[in-house]
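Colleague:
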Amino acid sequence: MAIKPATQIGDPAIRARSVALASASSPSTKKIARDLIDSMRSYNLVGMAAPQIGINKRIFVTEIRQTRTRNPKTEDPVRVFVNPRIVAVSRKQAIDYEGCGSVSHGGLFGAVRRSYIVTVTAYGLDGKKFTLRAEGLLARIIQHETDHLNGVVFLDRMKDMGSLMDRELLRGA
Ligand SMILES: [Zn+2]
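The numbering of the sequence shown is the working numbering, which starts it at 32 and goes up by one.
1. Taking the straight line between their C-alpha atoms, what separation do you get for Pro-36 and Arg-46?
2. Ends of the beta strand (DSSP E) at Thr-150?
3. Using the Cα positions of Ala-74 and Arg-122, report the straight-line distance between them to the nearest angstrom.
4. Nearest-angstrom Cα distance between Ala-209 and Asp-107?
5. Looking at C-alpha atoms only, which residue of Leu-169, Thr-93, Pro-82 is the closest neighbour of Arg-145?
6. On the DSSP letters alone, give me the boundaries of the beta strand (DSSP E) that Pro-58 sits inside.
7. Check whether the Cβ of Ser-135 lies closer than 7 Å to any heavy atom of ligand 1, and answer yes or no.
8. Is the CB-CB distance between Ala-55 and Gly-158 below 8 Å?
9. Is the separation between the beta-carbon of Thr-98 and that of Gly-78 shorter than 8 Å?
10. With respect to the alpha helix (DSSP H) encompassing Gly-203, which residues constitute its N-terminal and C-terminal limits?
11. What span of residues does the alpha helix (DSSP H) with Arg-101 cover, start to end?
12. So who's on the other strand from Lys-160, going by DSSP bridges?
13. Mind reading off the beta-carbon distance from Arg-188 to Val-143? Whole number of angstroms is fine, and I expect it under 8 Å.
14. With H, G and I counted as helix, E and B as strand and the rest as coil, what does DSSP make of Met-192?
15. Using the Cβ count rule (16 or more neighbours within 10 Å means buried), how would you classify Lys-190?
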């Protein structure tokens, strides 16, 4: 188990464009995935991308765990996406609040408009390519994490900076 420090905005790793992994099933890829999962859980995040632990490779992980405030229907098991590519997005969009472990350690939230449904292709740690159609929160996380691989953070996607909110205020809202 290895919890890595969450890289913060201002660190060049967050703004760099990450490069593809040569192998999805190699021991080094599996180690990055393991570290990402451990770190994501430790920081209580629903997704984490390699640049967030200072590695500019195209891999991210997601996991939607149940919380007191989260709708149980949104629960989703841990998933690993190596060399992911969003191949289709719905015309339907949704606006919701997002935070990020690399933006003030998850302390800031803002409203971001994103596609409601996405189709993503990626490789699993078994080296096999898969296609996933995701909607709602999982679709949002996949778009947020894919952005990280291209040096983009949710602040860049915000149209209304006036919606920025401290985490504690959002919880109380
Ligand atoms: Zn993030």
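We put the beta carbon where it would ideally sit given N, CA and C, even for glycine.
Modeller: Straight from the coordinates:
1. As a working mapping, residue 36 is identified with position 5 in the sequence shown. As a working mapping, residue 46 is identified with position 15 in the sequence shown. The alpha-carbon atoms of Pro-36 and Arg-46 are separated by roughly 17 Å.
2. Indexing the sequence shown from 1 puts residue 150 at position 119. Bounds of the beta strand (DSSP E) holding Thr-150 are 148 to 154.
3. Within the sequence shown, numbered from 1, the residue matching residue 74 stands at position 43. Within the sequence shown, numbered from 1, the residue matching residue 122 stands at position 91. With the sequence shown as reference, residue 74 is identified as Tyr, and Ala is not the correct amino acid for it. If I take the Cα positions, the gap works out to 32 Å.
4. Beyond the ends of the chain as shown, which are 32 and 204, falls residue 209; an answer cannot be given.
5. The sequence position of residue 145 within the sequence shown is 114, counting from 1. Ranking Leu-169, Thr-93, Pro-82 by Cα distance to Arg-145 puts Leu-169 first.
6. Taking the first residue of the sequence shown as 1, we reach residue 58 at position 27. For Pro-58, there is no enclosing beta strand (DSSP E); the enclosing alpha helix (DSSP H) has its first and last residue at 58 to 73.
7. Translated into the one-based positions of the sequence shown, residue 135 becomes position 104. Answer for Ser-135: no, Cβ out of range of ligand 1.
8. Numbered from 1 along the sequence shown, position 24 holds the residue referred to as residue 55. Numbered from 1 along the sequence shown, position 127 holds the residue referred to as residue 158. Against a cut-off of 8 Å, the Cβ pair of Gly-158 and Ala-55 comes out as a contact.
9. Numbered from 1 along the sequence shown, position 67 holds the residue referred to as residue 98. Numbered from 1 along the sequence shown, position 47 holds the residue referred to as residue 78. Going by C-beta atoms, Thr-98 is not nearer than 8 Å to Gly-78.
10. For the purposes of this step, residue 203 is taken as residue 172 along the sequence shown, with counting starting at 1. 198 to 203 is the span of the alpha helix (DSSP H), which, as asked, contains Gly-203.
11. Counting from 1 along the sequence shown, the entry for residue 101 is found at position 70. Per DSSP, Arg-101 belongs to no alpha helix (DSSP H) and is neither H nor E.
12. On the sequence shown, residue 160 is found 129 positions in, with the first residue counted as 1. Residue pairing by DSSP puts Lys-160 in a beta bridge opposite Tyr-154.
13. One-based indexing of the sequence shown puts residue 188 at position 157. One-based indexing of the sequence shown puts residue 143 at position 112. Yes, they are in contact, since the Cβ atoms of Arg-188 and Val-143 sit about 5 Å apart, within 8 Å.
14. Here residue 192 corresponds to residue number 161 of the sequence shown, with the count starting at 1. Three-state DSSP puts Met-192 in a helix.
15. The count along the sequence shown starts at 1 and reaches residue 190 at position 159. Per the 10 Å Cβ criterion, exposed.
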